[in-house]
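Counting along the sequence shown from 1, when you hit position 147 you're at 573 in the working numbering, and nothing is skipped either side.
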Amino acid sequence: MNPSHLETLLAIVDEGSFEGASLALSISPSAVSQRIKALEHSVGRVLVSRTQPAKATDAGEVLVQAARKMALLQAETQAQLSGRLAEIPLTIAINADSLSTWFPPVFAEVASWGGATLSLRIEDESHTLSLLRRGDVLGAVTTEENPVAGCESVRLGVMRHLPVATPKFRDTYTTSKGLDWESMPVLRFGPKDVLQDGDLIGRVSGRIGRRRVSIVPSAEGFGEAVRLGLGWGLLPETQAAPMLESGDVILLDNNFVDTPMFWQRWRLESRSLTRLTEAVINAATVGLRP
Numbered sequence: 427m428n429p430s431h432l433e434t435l436l437a438i439v440d441e442g443s444f445e446g447a448s449l450a451l452s453i454s455p456s457a458v459s460q461r462i463k464a465l466e467h468s469v470g471r472v473l474v475s476r477t478q479p480a481k482a483t484d485a486g487e488v489l490v491q492a493a494r495k496m497a498l499l500q501a502e503t504q505a506q507l508s509g510r511l512a513e514i515p516l517t518i519a520i521n522a523d524s525l526s527t528w529f530p531p532v533f534a535e536v537a538s539w540g541g542a543t544l545s546l547r548i549e550d551e552s553h554t555l556s557l558l559r560r561g562d563v564l565g566a567v568t569t570e571e572n573p574v575a576g577c578e579s580v581r582l583g584v585m586r587h588l589p590v591a592t593p594k595f596r597d598t599y600t601t602s603k604g605l606d607w608e609s610m611p612v613l614r615f616g617p618k619d620v621l622q623d624g625d626l627i628g629r630v631s632g633r634i635g636r637r638r639v640s641i642v643p644s645a646e647g648f649g650e651a652v653r654l655g656l657g658w659g660l661l662p663e664t665q666a667a668p669m670l671e672s673g674d675v676i677l678l679d680n681n682f683v684d685t686p687m688f689w690q691r692w693r694l695e696s697r698s699l700t701r702l703t704e705a706v707i708n709a710a711t712v713g714l715r716p
């Protein structure tokens with residue numbers, strides 16, 4: 427199997443198009459197309475769905491995994507031969523709350539290596555594992571403990587979310603029976619925000635009425651939306667702490683949501699991936715609950 431063909435397949439998946447791959451590889455779009463056609467001919471399968479964005483088919487995902495592993499090991503080999511760090515590509519799937527709270531120390535650690543590059547894919551913590559299965563990433567922060575095939579899993583700790591809103595918001599939706607959870611406007615991070623939906627189910631006694639639901643797909647923007655009274659939301663405790671201290675928001679109740687977090691990575695003999703795993707674990711030890 428031609429390594430340049432695998433490299434081209436990986437570029438298409440990462441860039442999302444044949445044109446993007448041609449720019450990334452500094453070759454013509456026709457050359458990209460020819461390489462993929464040759465690769466598909468050699469394996470007898472369609473490997474890329476010609477959609478916007480372009481995606482690997484089931485057969486293509488198998489080769490994408492192989493291509494990404496080859497890219498990592500090739501970069502490490504070049505680094506060892508040259509006596510210096512080559513540009514080592516490290517791809518990670520992570521949820522927005524982790525990225526905005528406990529994960530940033532990983533940036534400092536990777537920066538100290540001098541030659542590695544990080545490529546982050548933002549996804550809900552309950553869905554990051556799908557990127558790992560497809561071969562889009564080498565490692566993932568996830569809520570799933572059981573490792574996917576070919577991977578190993580490490581417990582990181584617990585992320586706690588607090589139900590908060592502004593004092594005015596709380597007063598507006600307080601009745602003689604307490605908080606009116608059924609009708610309170612609520613914030614969601616996105617359509618896959620199972621954390622918020624799952625939490626609400628445990629708070630309502632019957633059918634959820636017609637609510638105003640605002641979607642804010644940014645960790646920082648989500649916090650600001652809560653602080654400014656757009657709705658109530660579940661905030662990571664480290665993000666909520668300064669708002670609670672200032673009085674901008676208050677706790678709606680003491681029903682916190684504790685979510686165990688795990689790090690899953692490919693079971694691959696890679697010094698860079700091992701160092702990355704250590705950096706993630708160290709950051710989680712400081713930033714998450716045990």
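We put the beta carbon where it would ideally sit given N, CA and C, even for glycine.
All values reported here derive from a predicted model rather than from experimental measurement.
Exposure of residue i, with buried meaning 16 or more beta-carbon neighbours within 10 Å
| i | result |
| --- | --- |
| Leu-654 | exposed |
| Arg-461 | buried |
| Val-439 | buried |
| Phe-682 | exposed |
| Thr-700 | exposed |
Through-space distance from residue j to residue i, alpha-carbon basis
| i | j | result |
| --- | --- | --- |
| Thr-527 | Gln-478 | 32 Å |
| Lys-463 | Glu-487 | 16 Å |
| Pro-716 | Ser-524 | 15 Å |
| Val-652 | Leu-449 | 41 Å |
| Ser-696 | Asn-521 | 24 Å |
| Ala-705 | Gly-604 | 45 Å |
| Tyr-599 | Gly-647 | 23 Å |
| Pro-455 | Gly-446 | 9 Å |
| His-587 | Asn-428 | 48 Å |
Chain-order list of residues whose beta-carbon lies under 8 Å from that of residue i (same chain, five-residue window excluded)
| i | result |
| --- | --- |
| Ala-497 | Glu-433, Leu-436 and Pro-515 |
| Phe-688 | Val-567, Thr-568, Thr-569, Glu-570, Glu-571, Ser-579, Val-580, Arg-581 and Leu-582 |
| Leu-511 | Only weak support is given to the placement of Leu-511: the predicted model assigns it a pLDDT of 45, under 50, and the question is left unresolved by the model. |
Residues near residue i in its chain [Cβ-Cβ closer than 7 Å; skip 5 each side]
| i | result |
| --- | --- |
| Val-639 | Val-612 and Arg-614 |
| Ala-709 | Trp-528, Phe-529, Pro-531 and Val-532 |
| Leu-557 | Ala-519, Arg-547, Glu-549, Val-563 and Ala-566 |
| Gly-442 | Pro-479 and Ala-480 |
C-beta atoms of residue i and residue j nearer than 9 Å
| i | j | result |
| --- | --- | --- |
| Gly-561 | Arg-693 | no |
| Val-458 | Glu-466 | no |
| Met-585 | Leu-714 | yes |
| Ser-552 | Val-620 | yes |
Identity of the residue in the options nearest residue i by Cα
| i | options | result |
| --- | --- | --- |
| Lys-594 | Gln-665, Leu-588, Leu-670 and Val-675 | Val-675 |
| Leu-660 | Ser-644, Ala-591, Met-610 and Trp-607 | Ala-591 |
| Leu-499 | Thr-711, Val-712 and Ser-698 | Ser-698 |
| Val-574 | Ile-453, His-431 and Leu-555 | Leu-555 |
| Thr-483 | Gly-657, Gln-491 and Val-472 | Val-472 |
Sequence-distant residues of its chain with Cβ nearer than 6 Å to residue i (five each side left out)
| i | result |
| --- | --- |
| Lys-618 | Asp-550 and His-553 |
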